[in-house]
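In this note's numbering, the protein residues as written are 818 to 979.
Following: one structure in structure tokens, then a few remarks.
Okay, here's the thing in structure tokens:
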């Protein structure tokens with residue numbers, strides 16, 4: 818099981834001890850993408866969804882989720898975030914909504930999970946707010962785009978996965 822930092826010598830899941838690591842500025846960006854009909858995408862973009870203004874609520878849900886990541890992901894460290902935000906864009910013709918989250922902290926562990934959790938919850942919020950119009954909305958992806966700080970920096974494009 819080497820290489821899995823959350824697995825102890827006894828094979829059980831464990832929280833990683835980051836106490837000896839130096840603090841550094843940490844930043845992560847993630848993306849979620851939803852696919853829907855152009856009609857539904859137009860409702861999302863115009864702010865005239867059946868439950869109201871979709872993107873503003875989704876952004877707030879994502880920020881709140883980033884702040885709660887340590888409670889939602891069992892082995893994630895609770896982190897004091899210095900920044901969390903979600904930006905949204907809609908391509909009505911293609912029927913897509915893209916949500917990009919950023920999280921930052923100064924700490925001993927990264928904020929990848931916070932950025933990805935923000936995207937996931939923001940995407941679920943978009944779904945919840947339009948399901949009365951279209952049940953077939955698909956959350957196509959939640960993916961880490963980049964992370965910096967700590968031992969290594971990483972970008973999806975540079976990993977050959979973007």
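Note that beta-carbon positions come from the ideal geometry of N, C-alpha and C, so glycine has one too.
- Message: Give me the residue from 845, 931, 868 with the minimum Cα distance to residue 951.
- Response: 868
- Query: Apart from the five residues on each side of it in sequence, which residues of its chain come closer than 7 Å, Cβ to Cβ, to residue 938?
  - Reply: 878, 879, 882
- Item | Expected contact under 8 Å - CB spacing of residue 876 and residue 928 to nearest Å | Between residue 928 and residue 876 the Cβ distance is about 17 Å, and since that is not below 8 Å, they are no contact.
- Considering residue 945, what are the terminal residues of the alpha helix (DSSP H) in which it resides? 929-947
- Item | Classification of residue 831 by the beta-carbon crowding that lies within 10 angstroms, buried from 16 upward | exposed
- Message: Going by DSSP, what residue range makes up the beta strand (DSSP E) through residue 844?
- Response: 841-852
- Task: Please confirm whether residue 862 and residue 907 have their CB atoms less than 8 Å apart.
- Result: yes
- Message: Using a Cβ distance threshold of 8 Å, determine whether the stretch 851-860 contacts the stretch 917-935, with at least three qualifying pairs required.
- Response: no
- So, does the CB of residue 848 fall closer than 8 Å to a CB anywhere in chain D? Absence of chain D from the displayed structure is noted, only one protein chain being present.
- Can you list, in chain order, the residues of its chain whose CB lies under 6 Å from that of residue 956, leaving out five sequence neighbours each side? 851, 940
- Item | Nearest candidate by alpha-carbon position, reference residue 910, set 839, 853, 828, 848 | 853
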